[in-house]
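FYI, numbering that gives the first Met the number 0 numbers position 23 of the sequence shown as 22, with every residue one higher than the one before it.
In what follows, a single structure is set out as structure tokens and then discussed.
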Amino acid sequence: MAKGITEVRYRKMLATLIEARKSAGLSQADVAVILSKPQQFVSRYELGERRLDVIEYVDIAAALGLDGLALLTNILQMSRANPASEKE
Numbered sequence: 000m001a002k003g004i005t006e007v008r009y010r011k012m013l014a015t016l017i018e019a020r021k022s023a024g025l026s027q028a029d030v031a032v033i034l035s036k037p038q039q040f041v042s043r044y045e046l047g048e049r050r051l052d053v054i055e056y057v058d059i060a061a062a063l064g065l066d067g068l069a070l071l072t073n074i075l076q077m078s079r080a081n082p083a084s085e086k087e
């Protein structure tokens, strides 16, 4: 099983979170305020320096107005479609 921040599925999830933040016109600092976290928290997960747990993911998705379940469903579908490419 592929693990870590280099996994394709994890990077896709991060890219989606970053794109949603930018599309909403929010800075990392704005998201941090919504989450009651320091700006470094947002920076570190966006850079892949920190792996998100499921609770953090749910909170971030909600803060960005994303359907967290739909994003996870897309990741699962990607896994089923091409399990050999889950890890670089």
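All C-beta atoms in this analysis are idealised placements derived from N, C-alpha and C, irrespective of residue type, glycine included.
- Under the three-state reduction of DSSP, Glu45 is assigned to helix.
- In the three-state scheme derived from DSSP, where H, G and I count as helix and E and B as strand, Asp66 is classed as coil.
- Within 10 angstroms of the beta-carbon of Leu46 lie fewer than 16 other beta-carbons, which makes it exposed.
- In this structure, the CA atom of Glu6 is about 11 Å from the CA atom of Ser78.
- Within the same chain, Gln38 come within 7 Å of Ala28 by CB-CB distance, once the 5 residues on both sides are set aside.
- If you look at Leu51, you'll find it isn't in any alpha helix (DSSP H); DSSP assigns it neither H nor E.
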